[in-house]
Ligand code: SAH
């Protein structure tokens, strides 16, 4: 029997595990607290008997994520990590410091299957899903290295979180648990390219996190050129499920819109987007696209971005232009990992 990764279990699942190995369920709380306080071995769990510690080390383990590389932006202190997983895979994470606290951006998969044309994460496709514990451990490792508490989480690193639904839901539950990382749902943002059935399921769970939808286009024709997922779900279906999410959670939705020169940044598109989102409780985040070595698109011109923003504003749509953080350290999803893998190949 392979060992159980305890960091991926919710408190309830940990109780079941302990009962299965013939232990009292109150131990679950003690073990849960130790793990999420960041201890790395059962030896350190000083309120457990030696026997239990021994038994745990035979049947279970505490997953760890190591630091393979670290890059600190000279412009704004944004810190980007290359993390090493236990099986040797590499993923990325970022910490951004704001006045209101530290935000961690974490990955949910190794690589990505979604194939968006402008994104570096899917250049090599999907390698595998991350376990909840591997998402948690990214945060532990960042807190330990950074020396400060993480107060906000965005699931916007590599991977499509709703394509790894079960583990991501466990992650959300553990992060939010007062005996876990104790981060409020309102401080967590999940970004998705728009998997309609999973958004519906998430809405039904009524976990009041922030939902960000990578929309990037105002109509299906343009969206299909940028995002293969648009062949599966129409924008109309996506907007409809967003309305449902809003109804269920009462949370304003964010639409991300990466502006690519001559692809989706024209005035026509801004008018279409305004019509599409009219009357919806939402916010549009305009992102000057990060140019990616492996892809050939260009960033929109600054004045074009301002025109686009102006049209949305004129229609009463809440909009901001995303500040570019860590522009000097390739902070766009997947770029560092790709470079790292290329360098490894050359060696
Ligand atoms: N798969 C999820 C989350 C990861 S990507 C999603 O699609 O939302 C996080 C955000 O970064 C998404 O909005 C994604 O579209 C965007 N993104 C990807 N590549 C980018 C690039 N080169 N420049 C700007 N934004 C990019």
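In my numbering, the protein residues as written are -7 to 339. Beta carbons: idealized from backbone N, C-alpha and C, even for Gly. Given the structure is predicted, the values throughout are model-derived calculations rather than measurements.
Assigned secondary structure, residue 110 (DSSP; H/G/I helix, E/B strand, else coil): coil
Helix, strand or coil at residue 87 according to DSSP, with G and I counted as helix: Strand.
Cβ neighbours of residue 64 in the same chain (closer than 6 Å, five flanking residues each side left out): 71
In DSSP terms, what residue 280 is bridged to: 251
Buried versus exposed call for residue 254 [16 or more other C-beta atoms within 10 Å across all chains shown]: exposed
Proximity test, residue 341 beta-carbon vs the ligand SAH heavy atom, cut-off 7 Å: Because the chain is modelled from -7 through 339, residue 341 falls outside the range shown and cannot be assessed.
Option in 248, 8, 23 and 201 with minimal Cα separation from residue 215: 248
Euclidean distance between Cα positions of residue 191 and residue 35: 41 Å
Any chain B beta carbon closer than 8 Å to residue 252: No chain B appears in the structure shown, which is made up of a single protein chain.
Closest Cα partner of residue 84 within the set 10, 207, 122 and 243: 122
Run of the alpha helix (DSSP H) containing residue 63, from where it starts to where it stops: Premise fails: residue 63 lies in the beta strand (DSSP E), 58 to 64, not in any alpha helix (DSSP H).
For residue 252 and residue 124, the rounded distance between their alpha carbons: 33 Å
Residue of 90, 118, 270 and 282 minimising C-alpha distance to residue 100: 118
Contact test: residue 156 Cβ vs the ligand SAH heavy atom, cutoff 7 Å: no
Nearest candidate by alpha-carbon position, reference residue -4, set 47, 53, 25 and 46: 53
Helix, strand or coil at residue 273 [DSSP, three-state]: coil
Where residue 308 sits in the DSSP three-state scheme: coil
Contact under 8 Å by Cβ, residue 24 with residue 3: Yes, Cβ-Cβ distance for residue 24 and residue 3 is below 8 Å.
Secondary structure, beta strand (DSSP E): runs of 3+ residues fully inside the region 148 to 219: 180 to 184 and 202 to 206
Residue(s) in a DSSP beta bridge with residue 245: According to DSSP, which records beta bridges pairwise, residue 245 is partnered with 274.
Strand pairing of residue 97, partner residues [DSSP]: 86 and 146
Simplified DSSP assignment, three categories, for residue 118: Reduced to three states, the DSSP call for residue 118 is strand.
For residue 76, the first and last residue of its enclosing alpha helix (DSSP H): Taken as a continuous stretch (DSSP letters only), residue 76 belongs to no alpha helix (DSSP H), being part of the beta strand (DSSP E) at 71 to 76.
Pair within 8 Å by beta-carbon distance, residue 245 and residue 236: no
Simplified DSSP assignment, three categories, for residue 105: coil
Inter-stretch contact at 8 Å, needing at least 3 Cβ pairs: the region 126 to 138 / the region 302 to 318: Here the region 126 to 138 does not lie against the region 302 to 318, with fewer than 3 beta-carbon pairs under 8 Å apart.
Nonlocal neighbours in the same chain, by C-beta distance under 6 Å from residue 194, ignoring five residues either side: none
Identified DSSP bridge partners for residue -3: 53
Residue 282 CB to nearest heavy atom of the ligand SAH below 7 Å: yes
Beta-carbon proximity list for residue 272, same chain, < 8 Å, skipping 5 on both sides: 231, 234, 235, 238 and 245
Length-filtered (3 minimum) beta strand (DSSP E) runs lying within the region 6 to 47: none
Residue 292 classed as buried or exposed, judged by whether at least 16 other C-beta atoms fall within 10 angstroms: buried
Residue 279 beta carbon near the ligand SAH (any heavy atom closer than 7 Å): True, at least one ligand heavy atom lies under 7 Å from that Cβ.
Sub-8 Å separation of residue 268 and residue 200 beta-carbons: no
Cβ pair residue 179, residue 206 closer than 8 Å: no
Alpha-carbon spacing of residue 344 relative to residue 14, whole angstroms: The structure shown does not extend to residue 344, since the chain is modelled only from -7 through 339, so no value can be given for it.
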